[in-house]
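Inspection log for the structure reproduced underneath, given as structure tokens.
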Amino acid sequence: MDYCAIQSSGVAGVSLLRRTTASVAPPAAASSSEVKRRRRPASESFIRQHLRSLVPYQPILPFEVLSARLGRRLEDIIKLDANESPYGPPPEVATALGNLKFPNVYPDPESRHLRAALAEACQLESEYILVGSGANELIDLVMRCVLEPGDEIVVCPPAFTMYEFDASVNGALVIKVPRLPDFSLDVSRIIEVVEQENPKCIFLTSPNNPDGSIINDEDLVKILDLPVLVVLDEAYIEFSNLQSRMSWVKIHDNLIVLRTFSKLAGLAGLRVGYGAFPLSIIEYVWRAKQPYNISVAAEVSACATLQNPAYLENVKNLVIQERGRLYNLLQGMPFLKPFPSHSNYILCEVTSGKDAKKIKEDLARIGLMIRHCDTKEMKGYIRSSVGKPEHTDALIEGLKAVLQS
Ligand SMILES: Cc1ncc(COP(=O)(O)O)c(C=O)c1O
Numbered sequence: 001m002d003y004c005a006i007q008s009s010g011v012a013g014v015s016l017l018r019r020t021t022a023s024v025a026p027p028a029a030a031s032s033s034e035v036k037r038r039r040r041p042a043s044e045s046f047i048r049q050h051l052r053s054l055v056p057y058q059p060i061l062p063f064e065v066l067s068a069r070l071g072r073r074l075e076d077i078i079k080l081d082a083n084e085s086p087y088g089p090p091p092e093v094a095t096a097l098g099n100l101k102f103p104n105v106y107p108d109p110e111s112r113h114l115r116a117a118l119a120e121a122c123q124l125e126s127e128y129i130l131v132g133s134g135a136n137e138l139i140d141l142v143m144r145c146v147l148e149p150g151d152e153i154v155v156c157p158p159a160f161t162m163y164e165f166d167a168s169v170n171g172a173l174v175i176k177v178p179r180l181p182d183f184s185l186d187v188s189r190i191i192e193v194v195e196q197e198n199p200k201c202i203f204l205t206s207p208n209n210p211d212g213s214i215i216n217d218e219d220l221v222k223i224l225d226l227p228v229l230v231v232l233d234e235a236y237i238e239f240s241n242l243q244s245r246m247s248w249v250k251i252h253d254n255l256i257v258l259r260t261f262s263k264l265a266g267l268a269g270l271r272v273g274y275g276a277f278p279l280s281i282i283e284y285v286w287r288a289k290q291p292y293n294i295s296v297a298a299e300v301s302a303c304a305t306l307q308n309p310a311y312l313e314n315v316k317n318l319v320i321q322e323r324g325r326l327y328n329l330l331q332g333m334p335f336l337k338p339f340p341s342h343s344n345y346i347l348c349e350v351t352s353g354k355d356a357k358k359i360k361e362d363l364a365r366i367g368l369m370i371r372h373c374d375t376k377e378m379k380g381y382i383r384s385s386v387g388k389p390e391h392t393d394a395l396i397e398g399l400k401a402v403l404q405s
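For the sequence shown, full-length UniProt numbering gives the first residue as 1, with consecutive numbering after it.
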């Protein structure tokens, strides 16, 4: 049997080969490495069936790669494509990293210092809190804990694309309940879908990425009344000036709330997220979690960030102020319709036949990075993070130039 034949025989071919290996001695003339080579199935067949057709997640390009590709220095690139903080973390973080004493010792698997600091900052006992390597790790961890292959989840596009991606990795199916034209949730359709399809969980985001809309209490309570696990992603909650719903996990045992240090706290590169879980669920998430998922550098940095709430408050106010200015300037641009945002980015519809993808590419050529998603729902839109005032000025100038060309 040659390589291609084994490949096309797929999984059945693998089990046949295993039996053969156990019972038949190799012909004397063939060397053992030759035999191994002939009997080895195509290596792709080791990969789980559902992952072979997985479409890879499209992350943004690393800063250094971008710099080399554009032929520009890092300092000359304006990065408004991933909603990172243009101000970075408080100065206490650099000091804490400089004083790191035991990088040779594994970190605390329970991240006790950080969870205690979070408990105080969030007014929720640490037993409800679990920390992850970014909110992204927690999204995947929750799915690994609750989804059997073939289970369904609900997402409400336009939405953060990681939910769909992680569902695919975990062998789950995605039911989409699109948001209404003003980006609010279609709650009656969600209720119908949950009642008819019996999905395991629903992923909600408030403020929503990419449009910045928020979910009101009434809608959230209606969804929490359904027989479904609700994962509420609050990665951008600070920019809304609204209270987090973390404490709601004490009264809703089907609610998980996720947050992150990647946005307001300016630690995207160090990867720290956290979640509030009902006690009946958190026990199992602990069991499934990788023991050393938060590095010592990440934990001390997150703790240092929480030591300076005044800095975070100031950054939040600067971003909110700049968001207002950016919104007004975008509104004054022909061909763009910005949407009011409760977050640190603004979504714009590109109107009058202009091509959103081309605008993104033309801006990238002059070192201005914004986001365009080539999905069915988002083809005609661009999203820009809220940067410093000088970033806003550069973006508006860049937009004027590319829209005239
Ligand atoms: C809605 C939403 N949730 C989660 C994340 C991921 O956060 P983290 O960096 O903590 O993994 C992002 C990142 O852009 C996001 O937009």
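Each residue gets a CB set at the ideal place from its N, CA and C atoms; glycine is no exception.
Practice task
Name the two residues that bound the continuous alpha helix (DSSP H) containing residue 71.
Solution key: Residue numbering aside, residue 71 sits at position 71 when the sequence shown is read from its first letter. For residue 71, no alpha helix (DSSP H) segment is defined, and its DSSP state is neither H nor E.
Handout entry: Contact set for residue 85: own chain, Cβ-Cβ below 6 Å, skip 5 residues either direction
Key = Numbered from 1 along the sequence shown, position 85 holds the residue referred to as residue 85. Around residue 85: 266.
Problem - Where the beta strand (DSSP E) containing residue 337 begins and where it ends - result: Position 337 of the sequence shown, counted from the start, is the residue given in the question as residue 337. Residues 336-338.
Practice task
Give me every residue whose Cβ sits closer than 6 Å to any heavy atom of ligand 1, in chain order.
Solution key: That gives 83, 134, 135, 136, 160, 205, 209, 233, 235, 260, 262, 268, 273.
Exercise for the section: Work out the CA separation of residue 40 and residue 1 for me, nearest whole Å. Expected result: Within the sequence shown, numbered from 1, the residue matching residue 1 stands at position 1. Within the sequence shown, numbered from 1, the residue matching residue 40 stands at position 40. Note that residue 1 scores a pLDDT of 29, beneath 50, so its modelled location is shaky; the value from the coordinates is reported in the next line. One alpha carbon belongs to residue 1, the other to residue 40, and they sit about 10 Å apart.
Exercise for the section: Would you list the residues sitting across from residue 233 in a DSSP beta bridge? Expected result: Counting from 1 along the sequence shown, the entry for residue 233 is found at position 233. DSSP lists 205, 258 as the bridge partner or partners of residue 233.
Exercise for the section: Return helix, strand or coil for residue 284, following the three-state DSSP convention. Expected result: Taking the first residue of the sequence shown as 1, we reach residue 284 at position 284. Residue 284 carries a helical assignment under DSSP once its states are collapsed to helix, strand and coil.
Exercise for the section: Might you give, ordered along the chain, the residues of its own chain that have their beta carbon closer than 7 Å to the beta carbon of residue 459, omitting 5 neighbours on each side? Expected result: Here the chain comprises residues numbered 1 to 405, so residue 459 is not present and cannot be evaluated.
Exercise for the section: To the nearest angstrom, report how far apart residue 382 and residue 371 are at their CA atoms. Expected result: Mapped onto the sequence shown, residue 382 falls at position 382. Mapped onto the sequence shown, residue 371 falls at position 371. One C-alpha to the other measures close to 6 Å.
Practice task
Keeping to the same chain, check which residues put their C-beta closer than 8 Å to that of residue 70; ignore five residues upstream and five downstream.
Solution key: As a first step, residue 70 is located in the sequence shown; it is residue number 70 there, counting from the start. Correct list, in chain order: 77, 364, 365, 367.
Practice task
With a cut-off of 8 Å on the beta carbons, I'd call residue 258 and residue 275 a contact; round off their distance for me.
Solution key: One-based indexing of the sequence shown puts residue 258 at position 258. One-based indexing of the sequence shown puts residue 275 at position 275. Residue 258 to residue 275, Cβ: 5 Å. Contact.
Handout entry: Continuous beta strand (DSSP E) assignments of at least 3 residues falling wholly in the stretch 362-400
Key = Runs of the beta strand (DSSP E) inside the stretch 362-400: 381-385.
Exercise for the section: Verify whether the separation of the beta carbon atoms of residue 200 and residue 152 is less than 8 Å. Expected result: The residue you call residue 200 lines up with position 200 of the sequence shown. The residue you call residue 152 lines up with position 152 of the sequence shown. For residue 200 and residue 152, yes; Cβs fall inside 8 Å.
Practice task
Just mark residue 43 as buried or exposed, buried being the case when its beta carbon has 16 or more other beta carbons within 10 Å.
Solution key: Counting from 1 along the sequence shown, the entry for residue 43 is found at position 43. Answer is exposed; the Cβ neighbour count stays below 16.
Problem - Which of helix, strand or coil DSSP assigns to residue 249 - result: Residue mapping note: residue 249 aligns to position 249 of the sequence shown, counting from 1. If DSSP states are grouped into helix, strand and coil, residue 249 belongs with the helices.
Handout entry: Residue burial classification, residue 4 (beta-carbon count within 10 angstroms, cutoff 16)
Key = In the sequence shown, counting from the first residue as 1, residue 4 sits at position 4. Note on residue 4: pLDDT 31, under 50, position unreliable in the model; the coordinate value appears next. With fewer than 16 Cβ atoms within 10 Å of its Cβ, residue 4 is classed as exposed.
Problem - residue 403 - DSSP class collapsed to helix/strand/coil - result: In the sequence shown, the residue the question calls residue 403 occupies position 403. Helix at residue 403.
Handout entry: Cβ of residue 265 within 8 Å of any chain D Cβ
Key = No chain D is part of this structure, which consists of one protein chain only.
Problem - Per-residue DSSP class, three states only, for residue 226 - result: Translated into the one-based positions of the sequence shown, residue 226 becomes position 226. In this structure, DSSP gives residue 226 a state outside helix and strand, which the three-state scheme calls coil.
Exercise for the section: Just mark residue 341 as buried or exposed, buried being the case when its beta carbon has 16 or more other beta carbons within 10 Å. Expected result: As a working note, residue 341 is residue 341 in the sequence shown. Burial call: buried.
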